[in-house]
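Chemist:
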Amino acid sequence: MVSEQFLNQQASSTYHQLPPLESGDRLTRPEFERRYAAAPHIKKAELIEGIVYVASPLRHEQHGKPHSRVMTWLGVYQAMTPGVDLSVEPTVRLDLDNEPQPDAVLFIEANAGGQTRISPDGYIEGSPELIVEIAASSAAIDSGIKKQVYRRNGVLEYVIWQSYDNQLEWFWLTDGEYQLLSPDPDGIIRSRVFPGLWLAVEALLSNQMSRVLTALQEGLNTSEHDAFVKQLGEKR
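Counting from 144, one number per residue, gives the positions in the sequence shown under this note's numbering.
1) Would you call the segment 267-280 in contact with the segment 233-253, where contact means no fewer than 3 C-beta pairs closer than 8 Å?
2) Just mark Lys289 as buried or exposed, buried being the case when its beta carbon has 16 or more other beta carbons within 10 Å.
3) According to the Cβ coordinates, are Arg178 and Pro162 closer than 8 Å?
4) Glu192: buried (16+ other C-beta within 10 angstroms of its C-beta) or exposed?
5) Tell whether a beta-carbon distance below 8 Å holds between Ala198 and Leu164.
6) May I ask you to report which of helix, strand or coil DSSP gives Arg177?
7) Leu299 by DSSP, collapsed to three states: which one?
8) Closest to Leu340 by CA distance: which of Gln351, Ser286, Ala181, Leu273 is it?
9) Ordered along the chain, which non-local residues of its own chain (more than five positions away) have a Cβ less than 6 Å from that of Pro243?
10) Hey, would you say Leu359 sits closer than 8 Å to Tyr196, going by beta carbons?
11) With a Cβ-Cβ cutoff of 8 Å, do His210 and Asp246 count as a contact?
12) Can the beta-carbon of Leu375 be found closer than 8 Å to that of Arg212?
13) Buried or exposed: where does Asn364 fall if 16 or more other Cβ atoms within 10 Å of its Cβ makes it buried?
14) Beta-carbon within less than 6 Å of Val275's beta-carbon, same chain only, minus the 5 sequence neighbours each way: which residues are those?
15) On a CA-only basis, which of Gly207, Gly257, Ala181, Asn350 is nearest Asp228? Give me that one, please.
16) Assuming contact is defined by CB atoms lying nearer than 8 Å, are Ala343 and Gln305 in contact in what I supplied?
17) Assign His368 to one of two classes, buried (16 or more other C-beta atoms within 10 Å of its C-beta) or exposed (fewer than that).
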């Protein structure tokens, strides 16, 4: 009988024989996953159009802090919307050439009619309804090639926060193209996919989270959000 220790040693030996995962590598998705699994020191790596991008170390002001604000905003919405799920920096299997690791994804659960499913090994497969990227050092990628990948795969809404410029863009997929959503006269952007997901843009950018959550609560109190929750519940 082969011992578990022997199998672990063999697996470890196999991993050690793999080439390192490096930015610029052109790999298939299975090979990317193998090399990523063999490199636990790498915290974030993505496969975009078959090319590997390994993230630089993340700074607090340019990435960690804005990321926490986004997760607070989305987390409250998810908590009040049964049938909707939220994940932070998950690996997403979009297609054979693209496996990004977005900063945040908000998605409708599969049993409630969503576009994604959770694979047997625990990964998100398919296109989440909403993706958020905090674009600091990765600004050119997030607003360029990655945006086109998300559009082509049917990610319905895409939010890019360009932290160095402190600007936020929210795109909505309509007729196969991304259209920019603009704030209303009150400075609020309203999701077209998630009723009640309202964002006070300037408040978010200036770290006035109480205003962000007040605007979100107003969205959660609408009849549209109530109807959405009921609709999701009927499908589950």
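We put the beta carbon where it would ideally sit given N, CA and C, even for glycine.
From a predicted model like this one, the values you see are computed outputs, not experimental measurements.
Modeler: Taking the coordinates as given:
1) Yes, the segment 267-280 is in contact with the segment 233-253.
2) In the assembly as shown, Lys289 is a buried residue. Its beta-carbon has 16 or more other beta-carbons within 10 Å.
3) Yes.
4) Residue burial is scored here from C-beta neighbours: Glu192 has fewer than 16 other C-beta atoms within 10 angstroms and is therefore classed as exposed.
5) Taking C-beta atoms as the reference points, Ala198 and Leu164 fail to come closer than 8 Å.
6) Arg177 falls in the helix class under three-state DSSP.
7) Leu299 falls in the coil class under three-state DSSP.
8) Minimum Cα-Cα distance from Leu340 among the listed residues Gln351, Ser286, Ala181, Leu273 corresponds to Leu273.
9) Correct list, in chain order: Glu189, Val235.
10) Result no, Cβ atoms of Leu359 and Tyr196 do not sit closer than 8 Å.
11) In terms of Cβ geometry, His210 and Asp246 form a close pair [threshold 8 Å].
12) Against a cut-off of 8 Å, the Cβ pair of Arg212 and Leu375 comes out as no contact.
13) Label assigned to Asn364: exposed.
14) For Val275, where only same-chain residues beyond five positions count, the Cβ hits under 6 Å are Val213, Asp246, Ala247, Val302.
15) Relative to the Cα of Asp228, the nearest Cα in the group Gly207, Gly257, Ala181, Asn350 belongs to Gly257.
16) No, these two residues do not count as a Cβ contact at 8 Å.
17) Burial call: buried.
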